[in-house]
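Structure, as structure tokens:
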Amino acid sequence: MNKRITIQVCMGTGGMAAGGAEVLATFESLMKEKNIPAEFKKECSMHKVGCRGLCARDVLVDVIAGDNRTTYQYIKPDMVQRIIDEHVVAGNPVSDWQVTDDYHKFHEKQIKVVLSDCGNIDPEDIGAYIAAEGYKAIDKVFNAMSPEAVIDMIKKSGLRGRGGAGFPTGVKWEACRKAPGDRKYIICNADEGDPGAFMDRAVIEGNPHAVLEGMVIGAYAIGATKGYVYIRAEYPLAVERLKKAIKAAGERGYLGKNIFNKGFDFDIKIKLGAGAFVCGEETALIASIEGQRGMPRAKPPFPVHHGLWGKPTVINNVETLANIPYIIKRGPEWFSSYGTEKSKGTKVFALTGKVKNTGLIEVPMGITLKEIIYDIGGGIENNKKLKAVQTGGPSGGCITGDMLDINVDYESLAKVGSIVGSGGMIVLDEDDCMVNVAKYFLNFTQSESCGKCVPCRIGTKRLLEILDRITKGLGKESDIDLLLKLSGDIKSASLCGLGQTAPNPVLSTIKYFREEYEAHIKDKQCPAKVCRDLLTYSILEDFCKGCGACMRACPAGAIKGEKKKPHVINAGACIKCGSCFDVCKFKAVSRG
Amino acid sequence: MAFKVTIDGKMAEVPEGTTVLEAARMLNITIPTLCHHPKLTPFGGCRLCIVEIKGIPRPVTSCTTPVNDGMEVTTSTPQIEDLRKTVLELILSDHPNDCMICERAGDCTLQEMAYIYGVRENRFEGERRTYEKKDGNPFIERDMEKCILCGRCVKVCDEVQGVGAIDFAYRGFQSKICPPYEKDLNCEFCGQCVSVCPTGALSGKMWSRLGRQKDVKEVDTTCAYCGTGCNITLHVKGNDVIRVTSKEDTWNEGWLCVKGRFGYQFINSPDRLKKPLIRITPKDQSNPPFTHFAKGGHGGITRSQFKEVSWNEALDHISGRLTEIKAKHGADAIGGLSSARCTNEENYAFQKMIRAAVGANNVDHCARL
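Here the protein sequences line up with chains A and B, keeping their order.
Read left to right, the first sequence gives residues -11 to 580 (my numbering).
Read left to right, the second sequence gives residues 24 to 392 (my numbering).
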């Protein structure tokens, strides 16, 4: 009890959902009761949990006594008493609840730059960020660097846009700096909309000041006087922390008039998105800030020449901006020491799907997919066979299970028909139907199309209809060719990135899993047994004990049978929900 | 600054800011378009105007791409034509196949494109948008199933008329153009949107099924509603004016207001005055006509209170009465009120007559259109 005790409770979206706030409150009240002086830190769990292991293991709690850090998982308020009694007071960590080896293994191959402070500092306390060397980069830039020198440094670092396209950040800044204009803008694109992606959310929730610092540096480099953070309204915690961070930074003089007495003014405004995926596209995003409907326009002119209100504008992704302070502080050589020849630095991925350790990871560019899935991710759930990894969300493609040695970087993924994208990584196993996966993404893109251009508005709808009829067993032999033809035309003829990449999930699944399409079309079979319309359920007489479990579970009343005698499914009444298959303990229900 | 551009092997020198499409048209090279309108800002939605530009790896829309110096453009390749056909088929897959009853048959850009590209079979048959609700406004028929979302109506309403009564709503396949909250149109009803619609989605309610374009004779004239004098084209079928439009190469650039476009029924109205009338019964002093007009009536005036006369008789009558009143009560007892439907020259002559011939300064003009 003579050591200083710090308790960190995960309070990101994941931690909050698991009850982080209640756990923290319980700690506070019990410690107060016992009169134990402890310093509480609210910590952004999303990152830390994502990095450390599993969002599913929330609430994660760190008890730091002196130099000893003990991490607990799955903590609920009623477990707090024992941790205090045994660990905090008596000095004996509660071994039952501590994280296990795989939790530590999850971290070994990760290299954290953007996430380095996430999960270690209180995101709502600017003092914590400053204590962790925060705003030192601004200090350096304002006192010792010209805007050109900043741009040179970013160019030298090799940093490329983390929003998906991978455009060199320094080059973009330089173009904007050189563009004539009496007023310039910098916009942080936090309109993260890919299904299953939560990288930007985690960065803003865990370390909003790093993003703001990156924006101030970017503004200085290009000569912008005003910045916007375009963020989804669906990220309330991130918005709240961002608001607090902007206020705190303004109070400390990192934002506002005459920053560091250098005569440089810069303010940041938050613009809430209204839930349109297409507003992540930069010209649509600009239209949205201007109060117009979020519809992309043709480029050129590019936003660096003709952006917000017609003025030169740089739009950078959250993760790109969060990298900036670290590059300034540690130097471009340090940054480019990570990664491959053309893809430098690290990348944050949201690892989801059928992998054991789902969560947020940050890895050096060029790491193999195998390392990500088996070393960091801990392998496939239930020891099933890996079928494919979907990267890049609805704009991306699939990488098959036998291509695991591929390096994860912009060029290598593009070569096999996928993309790094903004960083979604969905692991699929043998139970996933690839036609259904393509249909899922097409359903997303077609409903998120802005409706402006024909190939995207109608073309993706037609793609979806064709996929839908294939999964219903109504596919025609010519459908694969039609999908390929239409996909190609949509890619060539669409206006913006949404339409140009929307067919990728179709093209890539046909490329690598054509036989699955053919099974659906020719044999009217779904090999992964996912497509409901292609399944039939029957009861195997020899295995059925007549327990009646299936009969009770059937919501359609399609199963009949006497007790202790084999039951029968009436195929006409069966709605193919699979309830009987799930409840049967004797494997007597066959699905085929 | 002038830029040199080569399109399909033909050279042109165009001013900076000219789009590839504009440059092509200067060279008499046809590029198909649906959403483009020369008087509106480029949209780039229909994708028909895609061309290949040397050095750019993907097709680009010629309507949105400004010419750069030394640009080399190819407007038609097998791949480009193939993409155009796909785009057309996609549009037609979400369009009612009812040209046989459509007002715009024969005068429809989409139909023309389908004809040029020979789209008969459609590889992409699928769901079509269906809208049961019809707009209850009195002027503009909005058949949104025929809408191809080219956005011209939205742009003309915003950029030319400055009204912004309609915009895109919803996303994806369900995108549509509608007034706020999908209410009935409640605007100026200038009908500019009707004039720029390339399909049968927007048309005038009052000319519904009165005759298609091939059946009308076009007569160019000037709108008589005000001194602006917009050039209009009467669409005459038999002896009836069934529609009014205005051509783009007129000084009013083809734009009209609600009166010019929709207020033409007076031409064939039985109430229309064609000859001068002189009152034959005395005015009812207890029932001044203007109060009745204000209440929406006709001031108790009927045709039987008047007799038809020739212009000579009418003018004699007027000059006689003016002379009489002036002699009896002085010139200031007389006032003149002219019409905004007269031209500037006519109004000038009228005030001159009141001031110089009558000798009064009581002259005004009903500029209340």
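Each residue gets a CB set at the ideal place from its N, CA and C atoms; glycine is no exception.
L225(A) and Y218(A) have their C-alpha atoms roughly 15 Å apart.
In the displayed model, H59(B) falls within coil according to three-state DSSP, outside both helix and strand. When only Cα atoms are considered, D105(A) and K533(A) end up about 58 Å apart. The C-alpha of E239(A) lies about 43 Å from the C-alpha of T88(A). V110(B) has a beta carbon lying within less than 8 Å of a beta carbon in chain A. Within the DSSP bridge table, the entry for F254(A) names G244(A) as partners.
Apart from the 5 residues on each side of it in sequence, V518(A) sits with its Cβ closer than 6 Å to the Cβ of C421, N424 in its chain, given in chain order.
When the alpha-carbon of C216(B) is set against those of T245(B), E368(B), V281(B), the nearest one is in V281(B). Counted as a single uninterrupted DSSP element, the stretch harbouring L296(A) is not any beta strand (DSSP E), since DSSP gives it neither H nor E.
Among the residues facing chain A, E182(B) is not included, as its CB has no counterpart in that chain under 8 Å away. If you compare the alpha carbons of S578(A), I355(A), L339(A) with that of I349(A), the shortest gap goes to L339(A).
Shown here for K33(B): same chain residues with a beta carbon closer than 6 Å to its own, the five before and five after excluded, namely L50 in chain order.
Within the stretch 456 to 472 of chain A, the residues whose Cβ lies closer than 7 Å to some Cβ of chain B are L470, listed in chain order.
In the structure shown, I527(A) falls within a strand segment according to DSSP collapsed to helix, strand and coil.
Between C441(A) and chain B, the shortest Cβ-Cβ separation is below 8 Å. Under the three-state reduction of DSSP, R165(A) is assigned to helix.
Less than 8 Å divides the Cβ of C86(B) from the Cβ of T42(B).
The contact set of C69(B) on chain A, defined by CB atoms closer than 8 Å, consists of C441, V442 in chain order. Take D55(A), set aside five residues on each side of it, and no residue of its chain has a beta-carbon closer than 6 Å to its own.
Bounds of the alpha helix (DSSP H) holding D339(B) are 334 to 352.
An exposed status is given to H352(B), since fewer than 16 other beta-carbon atoms sit within 10 Å of its beta-carbon. Taking the C-beta atoms as reference points, L18(A) is found nearer than 8 Å to Q69(A). Listed in chain order, the alpha helix (DSSP H) runs fully inside the stretch 201 to 279 of chain B are 215 to 219, counting runs of at least 4 residues. Take Y398(A), set aside five residues on each side of it, and the residues of its chain with a beta-carbon closer than 6 Å to its own are G154, S331, V408, in chain order. Rounded to the nearest whole angstrom, the CA to CA distance from C542(A) to V571(A) is 10 Å. In the structure shown, P284(A) falls within a coil segment according to DSSP collapsed to helix, strand and coil. Shown in chain order are the members of the stretch 275 to 287 of chain A whose Cβ falls below 8 Å from a Cβ of chain B: R281, M283, R285, A286.
Assigned with DSSP and collapsed to three states, Q98(A) falls in coil, not helix or strand. If you draw a straight line from the Cα of S218(B) to the Cα of V179(B), it comes to about 9 Å.
Counting along the chain, C538(A) sits inside the alpha helix (DSSP H) bounded by residues 537 to 541.
Within the same chain, and ignoring the five residues on either side of L452(A) in sequence, the residues whose Cβ sits closer than 8 Å to its Cβ are K427, L430, N431, Q434. Looking at the DSSP output, G261(A) shares a beta bridge with R220(A). Residues of chain A whose Cβ lies closer than 8 Å to the Cβ of S116(B) are, in chain order, I446, R450. In this structure L57(B) does not touch I139(B) by the C-beta definition: roughly 12 Å separates them, more than the 8 Å allowed. Chain-ordered, the chain B residues with CB closer than 9 Å to the CB of C438(A) read F191, R194, G195, S198. In this structure, DSSP gives L374(A) an extended state, which the three-state scheme calls strand.
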